Amino acid sequence: MSSVNYFNKTAGWNLQHTYGKLPSGFFTYQQPVPVKNPKTVILNEDLCKELGLDFSDFPPQEIALLFSGNKTPQGSQPLAQAYAGHQFGNLTMLGDGRAILIGEQKSPNGSLVDMQLKGSGRTPYSRGGDGRATLKSMLREYLISESMFHLGIPTTRSLAVIESGETVYREKSQTGAILTRTAQSHIRVGTFEYARHFLTLEEQKELTNYTIGRHYTMLIGEENPALALLKAVMEKQAALVVDWMRVGFIHGVMNTDNMSIAGETIDYGPCAFMNTYNPKTVFSSIDVNGRYAYGNQPYITHWNLSILAGALLPQIHADQKQAIELAQETLNAFQEIYEEKWLTMMRGKLGLIEKEASDKHIIEDLLALMQQFGADYTNTFVALQTGDLSGEAFYEASAFQEWYLHWVKQVTRNGRNLEEVQKSMAQYNPYFIPRNHLVEEALDNASLNNDYQLFKELDQLLKTPYNPDSTKLHFQSPPPNGDAGYRTFCGT
Ligand code: AMP
Ligand code: MG
């Protein structure tokens, strides 16, 4: 009998370590802490392919060793990143307390992709934490981040979930797990705050140059790199939050450490999707003041960008007064940039192709009616798009009917055909979002009873959220009793 050493097989690993070339204050070399009994729960083969990785002839146990961190792949140089962040408005020193960057995979298309193990044990940044993660929360991140990707929204992605075979203690004992997360990078607003507070100006500039080289190459050679970076991040973040608003996504914990400089959705904690339209919707149990409510997300994005601007001030100008003036001028443009993108998105959702000045009223009138009648956000747009206005009292209400006639008149101006208009709306309005009650059911079945049927069904369905599928209508319905009592927990 011959035994194969799978760790001599490359599987396509092509790990680079550009982050490790930054000054040493930005990270600490740290091996993942091995777990007792790793078992592969899910491996994202589509994503493997995109990254140029192929584990098809690896036995499951070898995959489990690899993605639990018990063995690290060829050429890895594991490290934990340092960062700070404003959590609910207060500055704190943070860092990867339970995550390890094993390297940056150079994918076949040439891009560098961070490969991070989350839940991989304690690091120098763990503070009081155990460095671990629960199976339920890692499955949650897997499902929602993949769904966001397939909705066409910039996001970190999920490559694998491995059960650790160890118990993690939160409010009660839970199964532990490790998630392999991929990202354009894990540079956060909080990374710049960390540099500003703890490192030299020279080191702060190195971070700016590194970030530009990695994500904003069009800014290379800019006269004022920090100011140019602030502007570029602002554009990216405005576009991102508009995408969240489009599908009713509520991040739940938009602290500055959870805001990626590359403009990806990152750190899926207590996130959830809004069913009934209400800008005040908030699900996170710890967000008692609604700081991160659905309708507040653009304001918080602006606030987080002002923190980024603050961290960049010494680089923007040596004279603080002038630095502030320049940063302020840039930040002042946010509202206009956001509103312009939001209006374009809402026009798309409603097929307002002609771009009339009065479009804004039509949009706002509909949202006001949806809020008044407690209409489902996703399904209302689907109904307008398909023309199937049945089964909801809302569509029978005279106020809606009046709005509807007005809308039809507006979108069919200049001889436009209603069906054509409705077709144009399809790319903006998903049929399927991860409905909170189904996500919870799938995660409980999986993490408590080892029953992955619903999880896999949801994962599969959410790969094509814009395709109608009349056999899956029950996945489209909001919970029968509404989600007024629904709460999400950071309990990670
Ligand atoms: P998050 O709320 O996931 O954005 O995490 C905020 C900070 O807490 C980050 O620095 C995390 O690394 C850290 N953290 C969260 N959970 C743990 C844990 N179980 N052990 C150690 N650090 C943690
Ligand atoms: Mg975080």
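In terms of this note's numbering, the sequence shown is numbered consecutively and its last residue is 1489.
Quick reminder that beta carbons are idealized off the backbone N, C-alpha and C, glycines included.
Because the structure is a prediction, the values reported are computed rather than measured.
Segment limits, beta strand (DSSP E) that includes residue i
i     : result
E1220 : Note, E1220: premise wrong, no beta strand (DSSP E); not H, not E.
F1024 : F1024 to Y1026
K1357 : From DSSP, K1357 is part of no beta strand (DSSP E) but of the alpha helix (DSSP H) over D1356 to F1370.
G1173 : S1170 to A1180
K1036 : K1036 to L1040
DSSP bridge partner residues for residue i (one or two, in chain order)
i     : result
H1083 : L1088
T1007 : Bridge partners of T1007: none, in fact.
Q1078 : F1024
Q1013 : E1101
Q1164 : For the sequence presented, residue 1164 should be read as Thr rather than Gln. Its beta-bridge partners are T1172.
T1485 : S1281
Any non-hydrogen atom of the ligand MG within 8 angstroms of residue i CB
i     : result
D1264 : yes
L1497 : Here the chain comprises residues numbered 998 to 1489, so residue 1497 is not present and cannot be evaluated.
N1255 : yes
Proximity test, residue i beta-carbon vs the ligand AMP heavy atom, cut-off 8 angstroms
i     : result
Q1084 : yes
G1482 : no
D1284 : no
N1252 : yes
R1137 : no
R1288 : no
S1123 : yes
G1100 : no
D1127 : yes
R1178 : no
A1269 : no
A1192 : no
G1066 : no
A1174 : no
R1095 : yes
A1130 : yes
R1119 : yes
Terminal residues of the alpha helix (DSSP H) in which residue i lies
i     : result
E1454 : Q1450 to L1458
R1193 : V1186 to F1195
S1065 : P1057 to S1065
T1327 : Q1317 to N1329
A1394 : A1394 -> no alpha helix (DSSP H), and no H or E assigned at all.
T1383 : Y1374 to T1383
G1307 : Q1294 to I1313
Any non-hydrogen atom of the ligand MN closer than 8 angstroms to residue i Cβ
i     : result
R1211 : In the structure shown, the ligand MN is absent; the only ligands present are the ligand AMP and the ligand MG.
C-beta neighbour in chain C for residue i, strict 9 angstroms
i     : result
Y1463 : Here chain C cannot be found, since the structure has a single protein chain.
Counting only runs of 4+ residues fully inside the stretch 1205-1288, write out the alpha helix (DSSP H) ranges in chain order.
-> Taking only runs of at least 4 residues, the alpha helix (DSSP H) segments lying wholly in the stretch 1205-1288 are 1222-1244.
Indicate whether the contact test is met: 3 or more Cβ pairs, each with one atom in the stretch 1107-1126 and one in the stretch 1222-1238, closer than 8 angstroms.
-> Between the stretch 1107-1126 and the stretch 1222-1238 there are fewer than three C-beta pairs closer than 8 angstroms, too few to call the two in contact.
Please list the segments of the alpha helix (DSSP H) lying wholly inside the stretch 1082-1161, counting only runs of 4 or more residues, in order along the chain.
-> Residue ranges of uninterrupted alpha helix (DSSP H) with 4 or more members, entirely inside the stretch 1082-1161 and ordered along the chain, are 1132-1147.
So does the stretch 1092-1101 actually touch the stretch 1140-1154, counting three or more Cβ pairs closer than 8 angstroms?
-> Touching, no, given that fewer than three Cβ pairs across the two stretches are closer than 8 angstroms.
Count the C-beta pairs between the stretch 1181-1192 and the stretch 1259-1278 that are closer than 8 angstroms, then say yes if the count reaches three, no if not.
-> Counting Cβ pairs under 8 angstroms, three or more are found: they touch.
Kindly confirm or deny that the stretch 1296-1316 and the stretch 1268-1277 touch, where touching means at least three C-beta pairs closer than 8 angstroms.
-> Counting Cβ pairs under 8 angstroms, fewer than three are found: no touch.
Contact between the stretch 1365-1376 and the stretch 1232-1241 (3+ Cβ pairs under 8 angstroms) | No contact exists between the stretch 1365-1376 and the stretch 1232-1241.
Contained alpha helix (DSSP H) runs [length at least 4] in the stretch 1405-1470, N- to C-terminal order | Within the stretch 1405-1470, complete alpha helix (DSSP H) segments of at least 4 residues are found at 1415-1422, 1433-1446 and 1450-1458, given in chain order.
Touch check for the stretch 1060-1070 and the stretch 1081-1093: three-plus C-beta pairs under 8 angstroms?
-> Result no; under three Cβ-Cβ pairs closer than 8 angstroms.
Taking 8 angstroms as the threshold, find out whether the stretch 1431-1446 comes into contact with the stretch 1333-1344 through three or more Cβ pairs.
-> Segments in contact, no.
Would the stretch 1408-1428 and the stretch 1444-1454 be scored as touching if the rule is three or more Cβ pairs under 8 angstroms?
-> Taking a cut-off of 8 angstroms on C-beta distances, the stretch 1408-1428 does not touch the stretch 1444-1454, as fewer than three cross pairs fall below it.
Three or more beta-carbon pairs under 8 angstroms between the stretch 1376-1386 and the stretch 1422-1433, yes or no?
-> Taking 8 angstroms as the limit for Cβ pairs, the verdict is that the stretch 1422-1433 does touch the stretch 1376-1386.
Assess, as a yes-or-no matter, whether the stretch 1282-1292 is touched by the stretch 1243-1251 under the definition of 3 or more beta carbon pairs within less than 8 angstroms.
-> The stretch 1243-1251 is in contact with the stretch 1282-1292.
Counting pairs of beta carbons, one from the stretch 1042-1054 and one from the stretch 1165-1176, are three or more of them closer than 8 angstroms?
-> Counting Cβ pairs under 8 angstroms, fewer than three are found: no touch.
Answer yes if the stretch 1213-1229 comes into contact with the stretch 1030-1038, meaning at least three C-beta pairs across the two stretches below 8 angstroms, and no otherwise.
-> Too few Cβ pairs lie closer than 8 angstroms, so no.
Taking 8 angstroms as the threshold, find out whether the stretch 1072-1086 comes into contact with the stretch 1146-1163 through three or more Cβ pairs.
-> Verdict: no, contact absent.
Per the contact definition of three or more C-beta pairs closer than 8 angstroms, is the stretch 1013-1021 in contact with the stretch 1197-1205?
-> Touching, yes.
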